[in-house]
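What follows is a set of notes on a single structure, which appears directly below.
There are 4 protein chains.
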Amino acid sequence: MISFESDYDNGCHEAILSRLAQTNDEKATGYGLDDYCTAAKEKIRAACDCPNADVFFLVGGTQTNATVIDAMLHGYQGVLAVETGHINVHESGAIEFGGHKVLTLHSHDGKMDAGELGQWLHDFYADPTLDHMVFPGMVYITFSTERGTIYSLEELQTISTICKQYELPLFIDGARLGYGLMAEGCDVTIQQLAALCDVFYIGGTKCGAYCGEAVVFPRGNAPAHFFTTVKQHGALLAKGRLLGIQFDTLMTDGLYFKIARHAVEQAMLLRDAFIARGYQMYSDSPTNQQFVLLDKNTIERLEKDFVFEQWYPVGDMMNCRFVTSWATPAADVDALIAAL
Amino acid sequence: MISFESDYDNGCHEAILSRLAQTNDEKATGYGLDDYCTAAKEKIRAACDCPNADVFFLVGGTQTNATVIDAMLHGYQGVLAVETGHINVHESGAIEFGGHKVLTLHSHDGKMDAGELGQWLHDFYADPTLDHMVFPGMVYITFSTERGTIYSLEELQTISTICKQYELPLFIDGARLGYGLMAEGCDVTIQQLAALCDVFYIGGTKCGAYCGEAVVFPRGNAPAHFFTTVKQHGALLAKGRLLGIQFDTLMTDGLYFKIARHAVEQAMLLRDAFIARGYQMYSDSPTNQQFVLLDKNTIERLEKDFVFEQWYPVGDMMNCRFVTSWATPAADVDALIAAL
Amino acid sequence: MISFESDYDNGCHEAILSRLAQTNDEKATGYGLDDYCTAAKEKIRAACDCPNADVFFLVGGTQTNATVIDAMLHGYQGVLAVETGHINVHESGAIEFGGHKVLTLHSHDGKMDAGELGQWLHDFYADPTLDHMVFPGMVYITFSTERGTIYSLEELQTISTICKQYELPLFIDGARLGYGLMAEGCDVTIQQLAALCDVFYIGGTKCGAYCGEAVVFPRGNAPAHFFTTVKQHGALLAKGRLLGIQFDTLMTDGLYFKIARHAVEQAMLLRDAFIARGYQMYSDSPTNQQFVLLDKNTIERLEKDFVFEQWYPVGDMMNCRFVTSWATPAADVDALIAAL
Amino acid sequence: MISFESDYDNGCHEAILSRLAQTNDEKATGYGLDDYCTAAKEKIRAACDCPNADVFFLVGGTQTNATVIDAMLHGYQGVLAVETGHINVHESGAIEFGGHKVLTLHSHDGKMDAGELGQWLHDFYADPTLDHMVFPGMVYITFSTERGTIYSLEELQTISTICKQYELPLFIDGARLGYGLMAEGCDVTIQQLAALCDVFYIGGTKCGAYCGEAVVFPRGNAPAHFFTTVKQHGALLAKGRLLGIQFDTLMTDGLYFKIARHAVEQAMLLRDAFIARGYQMYSDSPTNQQFVLLDKNTIERLEKDFVFEQWYPVGDMMNCRFVTSWATPAADVDALIAAL
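Chains as they are written, first to last, in the working numbering: chain A, 478 to 817; chain B, 478 to 817; chain C, 478 to 817; chain D, 478 to 817.
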């Protein structure tokens with residue numbers, strides 16, 4: 478069976494494995510205070526062109542979202558996200574567990590519309606009963622989104638401007654940051670992204686690491702005692718070196734971006750093949766997640782050799798997801814294309 | 478420098494490293510549903526003689542404590558622990574973040590006294606104002622404790638009996654379970670421990686793994702939808718295989734216990750040398766953590782070659798902690814003994 | 478100025494005032510354990526035909542919703558409500574403060590559609606990723622709704638049946654229960670309502686009392702230690718007699734229902750007058766809240782003598798709310814009708 | 478039976494009852510925005526000599542403590558209190574429900590020792606593991622305390638100085654503020670108290686009102702959007718006038734202080750009688766709560782005619798509490814004295 482099920486079904490990149498082996502007998506202080514973490518942070522600051530950035534390594538995505546959002550919101554505030562945002566759907570209520578409401582806007586193929594954001598904020602502050610409501614305290618977007626789409630630089634700039642106007646921090650969930658930045662047609666650099674938001678993270682779990690998300694506060698603007706908040710949320714890894722070593726490796730010589738680009742290239746080959754053979758794409762995704770409408774017969778046929786997710790029915794068809802990753806062999810894509 | 482600073486400053490056991498390397502190119506379903514997790518769970522059930530146990534793999538100790546306690550308590554309940562219990566001191570309020578009070582008893586070298594527990598519960602239920610107070614909903618103890626001590630089988634049985642009498646689940650924090658069970662003079666087996674409590678965990682982080690704690694509900698008594706609660710607490714690892722592979726390795730051929738015994742043996746050599754040379758031990762620890770009173774000159778002298786923690790002053794002396802681990806070379810202990 | 482602004486802008490019913498004066502010098506035990514509370518509970522059990530009901534008196538609506546919902550949900554569960562439900566809009570995130578997500582369905586003039594509820598639940602349990610989502614743990618509806626509408630008996634029965642099918646408790650927010658049960662055309666009795674749900678409350682604040690909501694668990698099915706949960710939520714009134722006296726008075730000789738009917742009768746006069754004069758009603762409300770579309774000139778003219786709320790624009794018109802209450806003099810309604 | 482059971486077992490002061498009757502037919506805006514609340518706030522500002530104070534009216538003590546503490550703490554912070562502090566014992570975990578730990582110091586007859594506070598803070602900031610602990614974010618004391626004691630001006634000043642040194646807000650729980658300020662030998666004025674702390678409240682429930690606590694941020698230093706936080710905590714009374722009218726009455730012509738002084742005077746008569754007859758006082762209380770050690774026979778004898786609480790055994794004796802209030806008739810005290 479060849480799997481396109483997810484981008485977190487492989488181990489880690491071989492360079493990471495080597496580093497883990499090389500360093501295994503060394504001793505290192507715990508909780509992210511080791512030399513590997515320090516080195517990785519420096520490389521991230523350099524890559525983002527943010528010399529004063531605060532960088533923290535957490536273990537997973539839901540954990541990172543919950544910790545960052547809770548740390549940055551006041552108790553009376555909620556977080557604005559689109560309905561399909563990961564925090565609103567697939568995090569088992571982790572944000573609400575921290576006491577905060579997810580305030581939702583419509584999703585446009587996974588993206589937030591800046592105009593709708595502005596309108597929502599205008600309407601909120603015009604509402605005479607606003608003191609009885611949950612105040613917006615942050616804007617959350619994903620890059621790339623859960624639907625494989627990305628924001629253009631102009632779109633990000635517009636959202637960022639609205640956030641600044643309303644003094645709302647902008648948080649970019651980068652669980653798939655690499656695949657977004659390396660997407661076909663992406664006109665956003667990581668430096669620009671860092672400059673436009675108040676906090677984001679570089680997702681390791683889905684792009685080369687065994688686990689780990691690198692949270693970046695670009696202008697040294699981490700909330701006071703964020704370390705303690707991370708600990709309180711159960712998100713502080715005792716052997717922080719495991720994260721430091723992984724990110725140090727990924728951020729060396731642009732490895733993170735190279736392997737992300739590979740995944741996107743494979744996905745584009747797949748997408749082109751789908752289109753060439755007359756399949757209808759559900760969304761126009763330039764990233765490693767491809768959504769295509771398949772009929773029952775095709776699904777049954779492909780399932781004999783390939784693993785992929787069936788998301789939900791669209792009319793008589795099924796919206797199916799095929800995911801490539803940093804670890805997808807070209808041969809796997811060739812095989813799938815041959816089978817189409 | 479030779480370090481006795483902690484038992485989580487090394488990488489992982491070489492057998493784990495090998496398994497990670499061997500399996501790295503395989504694909505595996507996420508979230509702990511992979512074959513390695515399944516195999517590890519079976520081995521844990523066998524080791525504990527609990528064929529119906531529910532087993533879950535979480536990443537770290539604070540996270541595990543917070544998730545288990547929150548899952549098992551009602552909103553109006555708190556957890557009983559000794560003052561020095563990890564949840565009461567060094568978890569940054571993770572239990573309270575989940576909405577629960579830590580109700581404290583006196584600590585006796587890190588241990589809870591069964592008699593005091595019984596008295597506390599008697600007094601609570603005799604208090605006419607109890608409906609205005611936090612109800613006890615669970616008893617939390619550590620094995621081995623934060624002070625290196627362990628409970629005897631009889632002590633565990635007495636605590637367990639009181640818990641049953643008051644219908645309180647007993648939770649054993651096993652962050653250092655291996656070092657406790659392999660302690661000098663320990664008369665408790667893992668099967669007995671499993672039979673006497675309602676939930677415990679086998680700590681991997683401090684005993685051979687890079688990360689990971691295996692939570693065991695011995696009689697299949699996990700709270701409903703515990704998987705979702707784990708996710709909500711940010712404690713569900715996407716690449717669950719990382720935990721499955723580690724525990725499968727540790728639970729094969731008793732590796733976990735063998736390497737724990739090594740640490741204890743080294744600690745006993747150290748303890749005996751301290752005593753033989755006239756140093757005063759702060760507590761009588763049969764496990765891998767040794768606490769000894771040192772004067773300023775001795776500390777300064779030893780610090781030139783050795784790393785260890787100074788906990789707190791006791792009169793003119795300092796209570797210092799020396800920790801061995803599964804990875805401590807015999808040569809390190811020899812060197813320290815020579816330097817005493 | 479004559480006010481139709483809200484149904485909580487008067488003091489309390491004169492019969493309550495008299496009872497407060499008569500009993501003022503008596504001493505009474507605190508926290509709802511006094512004789513007035515006991516008597517009021519008995520009258521509520523009788524009125525609801527629920528001899529085993531557990532009854533608790535809380536102070537206000539948001540507090541009651543937050544306490545009841547938190548007490549009845551497990552940590553991994555959320556509450557299903559329509560988008561316009563009070564808990565989703567005007568409670569400043571009190572439900573999320575307790576750690577629970579409000580899962581939303583479309584609002585139909587304030588009401589939940591049983592078919593949509595059934596579909597939502599079907600889809601949820603058919604979703605292969607459900608373990609990563611917030612589980613539904615309760616259904617919340619309001620009677621009468623925030624838009625003045627009510628459920629028919631058949632509608633309530635259908636919702637209740639679906640709840641039973643999925644083992645979800647049904648919670649009816651009765652902040653305006655009196656106005657709902659006394660509504661024009663209402664075919665639901667309080668006994669039927671009690672039999673169809675798992676918990677509801679009789680709203681005092683908006684119907685004759687100075688404050689107070691009587692929470693009823695019809696079959697003695699209050700969660701364990703609900704008293705303590707009420708205290709924990711800051712919802713336990715020290716001088717509980719203040720609530721006991723009020724509800725004892727309201728539940729004597731059907732006073733609560735009589736005064737609610739008065740408000741509805743006044744509202745119906747108002748509604749008929751609006752319609753007779755050609756105004757367009759925004760919704761078809763048989764209760765004490767009337768929503769009508771007014772143009773700018775009419776608003777300006779009426780505002781000289783009358784107070785009412787402008788909710789939101791509908792095209793060129795404004796959706797305006799006129800509220801009658803138990804205390805609305807017939808003369809006030811006459812004056813408004815004359816001014817139309 | 479004559480009751481000395483508590484100071485919240487009467488109705489309200491007759492002047493309040495009159496005002497409620499006089500104003501009952503008036504209409505008033507909800508949520509504390511009415512004229513009575515406005516007037517009451519002005520009188521409180523004048524009484525406290527704090528022209529810029531922010532004043533809010535909440536309903537009860539536990540609610541007020543939980544709301545104020547949660548509003549002023551960051552998520553990673555706890556509140557320092559003595560072990561016997563109301564928030565640590567008799568609030569059913571309301572503080573922890575909001576996510577915060579109560580950090581405890583020893584109680585000295587209900588009081589915090591400034592020296593111990595300073596030492597605790599010194600030790601905390603000297604602890605190398607402090608980042609893994611709950612940070613202190615506020616100091617909470619009660620005035621008068623749960624044991625009837627009060628702080629001298631010098632004691633308050635010392636505590637206040639330490640709080641300023643560590644940038645910790647000082648919160649004074651004034652559930653029994655009147656009885657404290659009017660205590661025998663009290664050398665603190667309400668103006669001095671307001672100047673020395675960052676937030677306090679004037680307890681109405683136990684001193685003349687039916688319900689209500691007036692929270693004062695003396696220098697206009699209420700947390701942003703505190704109104705919304707109050708609502709979120711279920712502590713916003715819809716008919717806020719009920720609180721406004723009560724406090725407006727209590728703060729007119731010093732009524733609050735006069736009736737508090739009456740209670741203290743009665744308590745002093747009682748105390749002197751106890752002492753004159755050779756009873757041993759458990760604590761030296763200059764306020765309305767008197768604690769005395771009684772033997773079994775005396776308790777049985779007195780219980781025939783009097784109601785009082787038995788707190789806990791002290792040796793062979795029982796520590797019994799006798800409480801006077803604003804409403805205690807002199808005849809009741811005479812009767813008890815005669816019975817001694």
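Note that beta-carbon positions come from the ideal geometry of N, C-alpha and C, so glycine has one too.
The DSSP-derived three-state label of A/Ile479 is strand. For C/Asp608, the nearest CB of chain B lies under 8 angstroms from its own CB, placing it at the interface with that chain.
In this model, B/Ile627 and B/Ile667 are separated by some 13 angstroms (Cα to Cα). Distance between D/Asp531 and D/Glu631, taken at the CA atoms: about 26 angstroms. Counting only Cβ-Cβ distances below 9 angstroms, D/Glu568 has contacts in chain C at Lys708, Gln709 and Gly711, in chain order. Put simply, the backbone Cα of C/Ala498 is about 9 angstroms away from that of D/Gly488. Linking C/His490 to C/Leu770 through their CA atoms gives a straight-line distance of about 32 angstroms. Within chain A, the residues Gly570 and Glu573 have their CB atoms less than 7 angstroms from the CB of C/Lys578, given in chain order. Taking each of C/Gly538, C/Asn529 and C/Thr638 in turn and checking the Cα distance to C/Cys688, the smallest one comes out for C/Gly538. The C-beta separation of A/Gln766 from A/Val741 comes to about 10 angstroms, leaving the pair out of contact by the 8 angstroms criterion.
Under DSSP, A/Arg798 shares a beta bridge with A/Phe768 and A/Glu786.
Inclusion of D/Ala591 and D/Thr635 in the CB contact set at 8 angstroms is warranted, their separation being smaller than that value. The C-beta of A/Glu690 has 16 or more other C-beta atoms within 10 Å across all chains shown, which makes the residue buried. For the stretch 608 to 678 of chain B, the continuous beta strand (DSSP E) assignments of 3+ residues that do not extend past its boundaries occur at 612 to 619 and 647 to 650, in sequence order. Comparing alpha carbon positions, the residue from A/Ile752, A/Leu654 and A/Cys663 closest to A/Leu817 is A/Ile752.
For D/Val536, the secondary structure class from DSSP, reduced to helix, strand or coil, is coil. Scanning the stretch 681 to 759 of chain B for uninterrupted beta strand (DSSP E) segments of 3 residues or longer gives 690 to 694, listed from N- to C-terminal end. The beta carbon of C/Tyr643 sits no closer than 8 angstroms to any beta carbon of chain B. Taking a Cβ-Cβ cut-off of 7 angstroms, the neighbours of B/Asp547 in chain C comprise Gly552, given in sequence order. Using a Cβ-Cβ cut-off of 8 angstroms, C/Cys527 does not count as an interface residue toward chain D, since no Cβ of chain D sits closer than that to its own. Taking 8 angstroms as the cut-off, the beta carbon of A/Thr622 is found no closer than this to the beta carbon of A/Gly651. Under the three-state reduction of DSSP, A/Leu494 is assigned to helix. Against chain B, the beta carbon of D/Gly592 has no neighbour under 9 angstroms; the closest one sits roughly 18 angstroms away.
Residues of chain C with a Cβ closer than 8 angstroms to the Cβ of B/Phe612 are, in chain order, His702 and Thr705. Among the residues of chain B, those whose CB is under 9 angstroms from the CB of D/Gly555 are Gly570 and Glu573, following chain order. Membership of D/Ala591 in the alpha helix (DSSP H) is indicated by the continuous run Ala591 to Ala603. Against A/Lys781, chain B offers no close residue; the least beta-carbon distance is about 17 angstroms (beta-carbon pairs closer than 7 angstroms).
DSSP places C/Thr561 outside any beta strand (DSSP E), giving it a letter other than H or E. A Cβ-Cβ contact shorter than 8 angstroms links B/Val791 with B/Tyr759. Residues of chain C whose Cβ lies closer than 8 angstroms to the Cβ of D/Gly507 are, in chain order, Ser483, Tyr485 and Asp486. Around B/Ala548, the same chain offers Pro700, Phe703 and Thr706 as residues with beta carbons nearer than 7 angstroms, after the five sequence neighbours per side are excluded.
D/Gly555 is bridged by DSSP to D/Pro613.
For C/Asp531, the pairing in a beta bridge is given by DSSP as C/Phe694. Interface with chain C (8 angstroms Cβ-Cβ cutoff): D/Cys514 is excluded. Close to chain D, meaning a Cβ-Cβ distance shorter than 8 angstroms, are the following residues of the stretch 710 to 734 of chain C: His710, Gly711, Ala712, Leu713, Leu714, Ala715, Lys716, Arg718 and Leu719. Residue contact check for D/Thr622 against chain C: no CB pair falls below 8 angstroms.
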